[in-house]
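Visitor: Sequences listed follow chains F, A, Y, E, U and P, in order.
Quick note on numbering: numbering that gives the first Met the number 0 labels position 17 of the first sequence as 16, and the sequence is numbered without any gaps.
Quick note on numbering: numbering that gives the first Met the number 0 labels position 27 of the second sequence as 26, and the sequence is numbered without any gaps.
Quick note on numbering: numbering that gives the first Met the number 0 labels position 63 of the third sequence as 62, and the sequence is numbered without any gaps.
Quick note on numbering: numbering that gives the first Met the number 0 labels position 22 of the fourth sequence as 21, and the sequence is numbered without any gaps.
Quick note on numbering: numbering that gives the first Met the number 0 labels position 14 of the fifth sequence as 13, and the sequence is numbered without any gaps.
Quick note on numbering: numbering that gives the first Met the number 0 labels position 24 of the sixth sequence as 23, and the sequence is numbered without any gaps.
By construction, the Cβ of each residue, glycine as well, lies at the ideal position given by its N, Cα and C atoms.
Structure in structure tokens, see below.
6 protein chains.
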Amino acid sequence: MSWLPSLQTKTPEEGFELALKLARMAVKYTQPDAAIRDTLRTEYERNADSLTMASHVVATHFQTVAKANDYWK
Amino acid sequence: MSWLPSLQTKTPEEGFELALKLARMAVKYTQPDAAIRDTLRTEYERNADSLTMASHVVATHFQTVAKANDYWK
Amino acid sequence: MSWLPSLQTKTPEEGFELALKLARMAVKYTQPDAAIRDTLRTEYERNADSLTMASHVVATHFQTVAKANDYWK
Amino acid sequence: MSWLPSLQTKTPEEGFELALKLARMAVKYTQPDAAIRDTLRTEYERNADSLTMASHVVATHFQTVAKANDYWK
Amino acid sequence: MSWLPSLQTKTPEEGFELALKLARMAVKYTQPDAAIRDTLRTEYERNADSLTMASHVVATHFQTVAKANDYWK
Amino acid sequence: MSWLPSLQTKTPEEGFELALKLARMAVKYTQPDAAIRDTLRTEYERNADSLTMASHVVATHFQTVAKANDYWK
């Protein structure tokens with residue numbers, strides 16, 4: 000099964016979690032080695048700017064997911 | 000209850016505060032440890048560029064929230 | 000009264016100033032101490048990249064405000 | 000007269016120049032001192048990343064201006 | 000044949016992969032030398048912030064691709 | 000003749016090349032000296048983050064161009 004069968008989600012919260020997943024998947028495609036990603040995670044999860052940068056990527060994907068769901072109106 | 004039951008807010012100001020919340024929640028998902036987040040906060044809240052970066056994430060989420068509310072017209 | 004009663008403005012120039020305000024308000028929410036913000040201001044207002052980053056946040060908010068006003072057509 | 004009477008322009012090229020102006024005006028609002036801005040300019044105009052960052056701000060404003068003009072179709 | 004015959008894809012996952020391709024193609028246009036790109040890749044694929052930056056570009060392109068496909072509704 | 004007569008292009012690939020051109024033109028407006036730009040190019044074209052930043056600007060412009068062409072549907 001596809002890791003991304005659809006952009007539709009039942010709730011805004013699930014949509015937000017999909018945005019988080021999309022942000023991580025782009026990293027996974029670029030760096031497929033899970034061990035290296037785990038090492039990098041220990042670095043950036045204790046760096047405020049790194050976390051803000053990651054939050055920005057999520058915000059960009061959340062725009063897409065929210066629109067795909069007509070903002071769950 | 001969900002931390003994000005809806006993107007609809009009564010006023011633009013509440014919409015702005017929701018954007019702030021969305022920006023922080025992405026950080027919280029990535030760094031779930033509140034103590035670490037508090038430590039990081041003491042760093043970035045005294046760094047101009049860190050604050051500007053955080054403000055950019057809020058701006059991106061505010062685009063989403065404002066559209067979800069048809070700009071509170 | 001709310002600091003953000005509406006996204007509607009009479010003119011594009013007022014809309015631009017609202018975008019500047021939105022950018023600053025996100026910083027204010029994150030760093031509520033005015034004295035610290037003043038100190039940070041003296042740093043970033045003399046740093047070209049800091050100013051460009053701030054200008055980017057304004058640009059993002061201006062997209063929202065312009066759309067909310069149907070581009071003042 | 001307002002420095003921003005309208006987002007409408009006759010041509011895409013004029014629209015691009017308006018986007019450049021919007022990017023610069025946000026800097027001007029934040030750093031009103033022309034002498035300081037001139038000094039900063041001599042720095043960032045010889046730094047590749049600074050120019051790319053500035054180009055990104057222009058791109059964000061150009062999205063707004065292009066939409067305001069219905070893409071000059 | 001064009002490397003970009005269409006923005007339409009059959010599935011969201013293929014759309015995401017197209018977004019990845021678009022992000023890489025812009026780099027390829029700017030740095031056409033494959034050997035240099037390979038060297039650079041070994042650097043940024045082990046740097047968390049570099050990966051986050053790359054993920055952000057993908058997110059921006061994914062907005063475009065998703066919209067082009069009406070969010071695969 | 001204008002360097003930007005229209006945002007319309009025949010194909011997505013031409014649209015992508017127009018996005019590249021728009022990204023470069025903003026740099027050209029800010030740094031009109033071709034010799035300096037050439038020097039800067041030798042630096043950033045061997046820096047992974049610089050290339051990613053440039054790719055992000057292209058992605059932002061490609062959003063505009065793709066929309067102007069109704070995604071070449």
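(1) With three or more beta-carbon pairs closer than 8 Å as the criterion, would you say the region 55 to 68 of chain E touches the region 14 to 30 of chain P?
(2) Does the Cβ-Cβ distance between TYR70 (chain Y) and LEU19 (chain A) come in under 8 Å?
(3) For GLU13 (chain P), which option in U:ALA47, U:ARG36, U:GLU13 and U:TRP2 has the closest C-alpha, if you only look at C-alpha atoms?
(4) Does GLN30 (chain E) come within less than 8 Å of chain P when only Cβ atoms are used?
(5) On the three-state DSSP scale, how would you describe ARG45 (chain Y)?
(6) Indicate whether the contact test is met: 3 or more Cβ pairs, each with one atom in the region 35 to 54 of chain U and one in the region 37 to 48 of chain E, closer than 8 Å.
(7) Is any beta-carbon of chain E found at less than 8 Å from that of ALA65 (chain Y)?
(8) Among residues of its own chain, excluding the 5 on either side of PHE61 (chain E), which ones have a beta-carbon nearer than 8 Å to its beta-carbon?
(9) Consult DSSP for MET52 (chain E) and reduce its assignment to one of helix, strand or coil.
(10) According to DSSP, simplified to helix, strand and coil, what is PRO11 (chain F)?
(11) What's the gap between the Cα of GLN7 (chain E) and the Cα of SER5 (chain P)?
(12) Who are the near neighbours of LEU39 (chain F) in its chain, counting only those whose CB is closer than 8 Å to its CB and skipping five residues on each side?
(13) Which of helix, strand or coil does DSSP assign to MET0 (chain P)?
(14) For a contact meaning CB atoms closer than 8 Å, what does GLU42 (chain A) contact in chain F?
(15) At 8 Å on the CB atoms, spell out the chain F contacts of VAL3 (chain A), in chain order.
(16) Does the distance between the C-beta of PHE15 (chain Y) and the nearest non-hydrogen atom of the ligand SAM fall short of 7 Å?
(17) Here's a check: name, in chain order, each residue in its chain whose Cβ is nearer than 6 Å to the Cβ of ARG36 (chain Y), leaving out the five neighbours to either side.
(18) Using the beta-carbon count (16 or more within 10 Å), is ALA33 (chain F) buried or exposed?
(19) Could you tell me whether the Cβ of THR38 (chain E) comes closer than 8 Å to any Cβ of chain P?
(20) Are ALA65 (chain A) and THR10 (chain Y) close, meaning C-beta to C-beta below 8 Å?
(21) According to DSSP, is LYS66 (chain P) helix, strand or coil?
(22) Using a C-beta to C-beta distance shorter than 8 Å, which residues of chain A count as neighbours of ALA34 (chain Y)?
(23) Below 9 Å on C-beta distance, what does LEU21 (chain E) contact in chain Y?
(24) Output needed for SER49 (chain A): all residues of its chain with C-beta closer than 6 Å, excluding positions within five of it in sequence on either side, in chain order.
(25) Runs of 4 residues minimum, wholly inside the region 20 to 44 of chain E: which ones carry the alpha helix (DSSP H) assignment?
(26) If you measure from the beta carbon of LEU6 (chain Y) to each beta carbon in chain E, is any gap under 8 Å?
(27) From LYS72 (chain P) to LYS72 (chain Y), what does the alpha carbon distance come to, in whole angstroms?
(28) Identify, in the order they occur along the chain, each residue of the same chain with its Cβ nearer than 6 Å to the Cβ of ALA67 (chain F), setting aside the five sequence neighbours on each side.
(29) Taking the straight line between their C-alpha atoms, what separation do you get for MET0 (chain U) and MET0 (chain F)?
Guide: The short version:
(1) A contact is defined here as three or more CB-CB pairs under 8 Å, and the region 55 to 68 of chain E meets this definition with respect to the region 14 to 30 of chain P.
(2) With respect to the 8 Å criterion, TYR70 (chain Y) and LEU19 (chain A) are not classified as neighbours on the basis of their beta carbons.
(3) Looking at the Cα atoms, U:TRP2 is the closest of the given residues.
(4) Interface annotation, GLN30 (chain E): not in contact with chain P, CB-CB separation never under 8 Å.
(5) Three-state DSSP puts ARG45 (chain Y) in coil, outside helix and strand.
(6) With fewer than three CB-CB distances shorter than 8 Å, the region 35 to 54 of chain U does not count as touching the region 37 to 48 of chain E.
(7) By this cut-off, ALA65 (chain Y) is an interface position.
(8) Residues GLY14, PHE15 and ALA18 of the same chain have their beta carbon placed closer than 8 Å to that of PHE61 (chain E), with the five preceding and five following residues left out of the count.
(9) Reduced to three states, the DSSP call for MET52 (chain E) is helix.
(10) In this structure, PRO11 (chain F) counts as helix in the three-state DSSP scheme.
(11) Per the coordinates, the alpha-carbon of GLN7 (chain E) lies some 15 Å from the alpha-carbon of SER5 (chain P).
(12) GLN30, listed in sequence order.
(13) If DSSP states are grouped into helix, strand and coil, MET0 (chain P) belongs with coil.
(14) Simply ALA47.
(15) Note that residue 3 (chain A) is Leu in the sequence shown here, rather than Val. Those are THR10, PRO11, GLU12 and PHE15, listed as they occur along chain F.
(16) Looking at this structure, you won't find the ligand SAM or any other ligand, since it has none at all.
(17) Within the same chain, ARG36 (chain Y) has close Cβ partners GLN30.
(18) Answer is exposed; the Cβ neighbour count stays below 16.
(19) Not closer than 8 Å to any Cβ of chain P, the Cβ of THR38 (chain E) fails to qualify, so no.
(20) Contact: no.
(21) Helix, per DSSP.
(22) Those do not exist, as ALA34 (chain Y) stays about 11 Å from chain A at its closest Cβ, beyond 8 Å.
(23) Ordered by position in chain Y, the residues that pass the 9 Å Cβ test against LEU21 (chain E) are PHE15, SER54, VAL57, ALA58 and PHE61.
(24) Taken in chain order, the residues that qualify are TYR43.
(25) Whole alpha helix (DSSP H) segments, 4+ residues: 33 to 43.
(26) It does not; no Cβ of chain E falls within 8 Å.
(27) LYS72 (chain P) and LYS72 (chain Y) have their alpha carbons spaced roughly 28 Å apart.
(28) Correct list, in chain order: LEU6.
(29) Between MET0 (chain U) and MET0 (chain F), the alpha-carbon positions lie close to 30 Å from each other.
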